[in-house]
Structures are given as C-alpha cells and as structure tokens.
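Trainee: Next up is a structure, given as structure tokens.
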Amino acid sequence: MDLLPHLGWLVLGLALLSFGADWLVKGASEMAVKMGITPLVVGLTVVAFGTSAPELIVSLKANLQPDSAADLAVGNIVGSNVCNIALLLGLAALIRPFVVHSQVVKRELPILLVVTGGFVWMIWNYELTRVEGLIMASAIVVYVVVSIRLARANPDDPAAPHDLPIDGAAAVSSSTMKSVGWVILGLLGLIFGADRLVTSGVELATLFGVPQVVIGLTLVAIGTSLPELATTVAAARRGETDLIAGNLIGSNLFNILVVMGITSAVKPISLKVLNWVDLAVMSGFTLLLVPFLMRGRRLNRIEGSVMVVGYFVYCIYLVKPEWLGISPPSVMGPE
Numbered sequence: 001m002d003l004l005p006h007l008g009w010l011v012l013g014l015a016l017l018s019f020g021a022d023w024l025v026k027g028a029s030e031m032a033v034k035m036g037i038t039p040l041v042v043g044l045t046v047v048a049f050g051t052s053a054p055e056l057i058v059s060l061k062a063n064l065q066p067d068s069a070a071d072l073a074v075g076n077i078v079g080s081n082v083c084n085i086a087l088l089l090g091l092a093a094l095i096r097p098f099v100v101h102s103q104v105v106k107r108e109l110p111i112l113l114v115v116t117g118g119f120v121w122m123i124w125n126y127e128l129t130r131v132e133g134l135i136m137a138s139a140i141v142v143y144v145v146v147s148i149r150l151a152r153a154n155p156d157d158p159a160a161p162h163d164l165p166i167d168g169a170a171a172v173s174s175s176t177m178k179s180v181g182w183v184i185l186g187l188l189g190l191i192f193g194a195d196r197l198v199t200s201g202v203e204l205a206t207l208f209g210v211p212q213v214v215i216g217l218t219l220v221a222i223g224t225s226l227p228e229l230a231t232t233v234a235a236a237r238r239g240e241t242d243l244i245a246g247n248l249i250g251s252n253l254f255n256i257l258v259v260m261g262i263t264s265a266v267k268p269i270s271l272k273v274l275n276w277v278d279l280a281v282m283s284g285f286t287l288l289l290v291p292f293l294m295r296g297r298r299l300n301r302i303e304g305s306v307m308v309v310g311y312f313v314y315c316i317y318l319v320k321p322e323w324l325g326i327s328p329p330s331v332m333g334p335e
C-alpha cells in the first residue's frame, strides 16, 4: 500500500472541502439576499452552517460507510473543537492579544459548556441514538431563533451577526444562475472532498496501524477547521476580537448540535472504541474559555503560546506518545 497516493488524495480532499465551503456560503448568501432575507438571518444560518459544512459532510460520509467509520466521525468533531479553542484561539492571541467585551460571547459560552457536557454524557455509552440526534438538531433550531431575536433587540452589540462577508449590492446585481452555480460547485466540492478525505483517512489509519479516531482527531480535524482558521486569522489581523471568540464558540456549538445531531439522526452512531482522555481534553479546553473570556481580561501572547503548545503536545500524545515518555492512549470499548 503506497503512502504518497493516499496523502495526495487527503490533500485534495482538504482543498475541496475548504473551497467547497466558501463557494456554498457565497452562493447561498447571494441567493438569500435576493430573496429578501436579512443579513442577520443569513449570518446565523447560511454562514454559520457553511463553516461547519466540512465537518458535517465528513462525519456523514464516515458514519454511512458500509463498514461504518463512526470513530472517525466522532473523532473529527472532538478534534475540531479542540483545534478551534487551543490552536485557533491561541494563534489569534499570538497575532494580536485581545480582550473580549461582547455580551453575546458571555451569553453563548455557558450554552457551549452545557452542550459540551451533554455531548460527553450522551457519547459515554459509545452510542448516539437517533432520538439523541434529533434532540441536538432541534436544539440548534431553538438556538438560532433565540439568537436572531436577541441580536435584533441589541443591534449595537459588536458581536451581533448582522454583517455578512459579502457585498449586498454586488450580491443583488449578480445573476441568480451564477449564485445557483456557486451552490452546486460548493456542494460537489464538499461531497467529493469528504469522500476523498474519509477514504484516504481510513487507508492511512490502516497503513500506520493507528485507530481511525486518531486520524479523525488530528489530520481530519485540522483539515475541516480550515474555514474557521481563515476567519480567525483575518479577524485577528483586523483587530475584530469579539468576532474571533464568537466565531469559534459558534463553530463548536454547531459542530456538536448540527454535525453530531444530523449524523446520528440519519444513522445512529456506534463507536468501536472511546478514549476518555480525548473527551477530557475537549472539555478542559472549553472550560479554559471561562477565565479567558468571561471576565473581560486580556488574552496575551504567553497564554496563547501555552494553548498552541498544549495543542501540539496533545497531538504528539495521540500519534507518538512514547516521545512524551508515556504509554499509548488506552481506549475503551463497549462491553
């Protein structure tokens, strides 16, 4: 089994996922503006869903495979959430230390803590049932509706998602067929990219003799977080600190409620293995957001460095734990 072809397909899959998400958001946003839907609603639905589309398509593809790669599907979300907080928030602080003032972040962070805790509790028995998936999917609908109402009631909140990364005038003047074309291209890119990413990820896991969940927690998680990475770096350079935190918190919420919710609603998830350390790391980094964001204190470069280093130490623990002088991660399987 050759290594280079699988790496090549992996890179191609990641590229298609990244471009596909951008094309989907561009086309869908333009269509929404033409239909008279307000930018606020588009921001909380189309744009938010678009940045989580790579995770959703990858997890669906993995879980729907004949020999179900559910471990990769769940690992993708756990790893993506860890990456969003530890790597991306850390990088943002390295680029430009910042203070978050937004009331939206202070409102949404407790929700993320509850959702993360609920997800860990649900997955602890190695399964996510269809009922649990429907509950999570329903919760995101309630979250979006409430967020829209609160944002409209507080339009001066700097983190209120009322501005879109598109030019409304340009969107209206653009042809409808062109917008539809972007949507179709985006969907094709996401579907084919997910297929290549999942297939090559499973093959690489077999080639290197590592569990599929490790590939999901590392390569796939980083790859599907590319849209969030681009948004975070751009926002950090512009000094839009509330947008950074709001984007990452929102992404993690969507990853759990939308991706895991829809994936398990379509087909119940049944894990072969479960490493409690991965869930603990995700929960731990989420808890770290409390002292960093809730009190309006400054997230400086030293703290950002600690978060980034901590992320890479976690990756080493997953791939080469002997480098840290510890035994390979122990995994649990359903009895």
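Numbering (full-length UniProt numbering), first residue to last: 1 to 335. Yeah, the Cβ is synthetic: ideal placement off N, Cα and C, and Gly gets one too. Bear in mind the structure is a predicted one, so any value in this text is a computation, not a measurement.
(1) From 253, 266, 322, 244, pick the residue whose C-alpha is nearest to that of residue 87; which is it?
(2) Give the range of the alpha helix (DSSP H) segment to which residue 21 is assigned.
(3) Ordered along the chain, which non-local residues of its own chain (more than five positions away) have a Cβ less than 6 Å from that of residue 258?
(4) Leaving out five residues before and five after residue 64 in sequence, what residues of the same chain have Cβ atoms less than 8 Å from its Cβ?
(5) Could you give the residue range of the alpha helix (DSSP H) that holds residue 311?
(6) Start and end of the alpha helix (DSSP H) containing residue 218?
(7) Which same chain residues, not among the five before or five after residue 169, have their C-beta less than 6 Å away from its C-beta?
(8) When DSSP labels each residue in this structure, what does residue 132 get in the three-state scheme?
(9) Spatial neighbours of residue 182 within its chain, please: CB distance less than 6 Å, with the 5 preceding and 5 following residues excluded, ordered by chain position.
(10) Rounded to whole angstroms, how far is the Cβ of residue 305 from the Cβ of residue 84, which I believe are closer than 8 Å?
(11) Can you tell me which of the three DSSP states residue 204 falls into?
(12) Going by the beta-carbon positions, is the gap between residue 264 and residue 133 smaller than 8 Å?
(13) Quick one: using the 10 Å Cβ neighbour count with 16 as the cut-off for buried, is residue 61 buried or exposed?
(14) Check residue 99 in the structure and name its three-state DSSP category.
(15) With a cut-off of 8 Å, do at least 3 Cβ pairs link the region 1–16 to the region 206–221?
(16) Could you compute how far the alpha carbon of residue 76 sits from the alpha carbon of residue 55?
(17) Which word fits residue 196, buried or exposed, when buried means at least 16 other C-beta atoms lie within 10 angstroms of its C-beta?
Mentor: In short, the structure shows the following:
(1) Taking the first residue of the sequence shown as position 1, residue 87 is located at position 87. For residue 87, the nearest C-alpha among the options comes from 244.
(2) In the sequence shown, the residue the question calls residue 21 occupies position 21. Segment 3–34, the alpha helix (DSSP H) holding residue 21.
(3) Translated into the one-based positions of the sequence shown, residue 258 becomes position 258. Closer than 6 Å at the Cβ level, and outside the excluded window around residue 258, lie 52, 140.
(4) Here residue 64 refers to the residue found at position 64 of the sequence shown. So the list reads 266, 267, once near-sequence residues are dropped.
(5) As a first step, residue 311 is located in the sequence shown; it is residue number 311 there, counting from the start. Unbroken alpha helix (DSSP H) run through residue 311: 301–319.
(6) The sequence position of residue 218 within the sequence shown is 218, counting from 1. Counting along the chain, residue 218 falls outside any alpha helix (DSSP H), and DSSP gives it neither H nor E.
(7) Here residue 169 refers to the residue found at position 169 of the sequence shown. Because the pLDDT at residue 169 is just 41, under 50, the model does not fix this residue reliably, and the point stays unresolved.
(8) What you label residue 132 is simply residue 132 of the sequence shown in a count that begins at 1. Here residue 132 sits in helix by DSSP.
(9) Counted from its first residue, the sequence shown places residue 182 at position 182. Once the five neighbours on either side are set aside, the close Cβ partners of residue 182 are 23, 26, 27.
(10) Counting from 1 along the sequence shown, the entry for residue 305 is found at position 305. Counting from 1 along the sequence shown, the entry for residue 84 is found at position 84. Contact flag wrong, Cβ pair sits at about 17 Å.
(11) If you number the sequence shown from 1, residue 204 lands on position 204. Helix, per DSSP.
(12) Residue numbering aside, residue 264 sits at position 264 when the sequence shown is read from its first letter. Residue numbering aside, residue 133 sits at position 133 when the sequence shown is read from its first letter. Yes, Cβ-Cβ distance for residue 264 and residue 133 is below 8 Å.
(13) The residue you call residue 61 lines up with position 61 of the sequence shown. Under this definition residue 61 is a buried residue.
(14) Numbered from its first residue, the sequence shown carries residue 99 at position 99. Reduced to three states, the DSSP call for residue 99 is strand.
(15) yes
(16) What you label residue 76 is simply residue 76 of the sequence shown in a count that begins at 1. What you label residue 55 is simply residue 55 of the sequence shown in a count that begins at 1. Approximately 7 Å between the Cα atoms of the pair.
(17) Taking the sequence shown and counting its residues from 1, the one referred to as residue 196 is at position 196. Residue 196 should be labelled buried.
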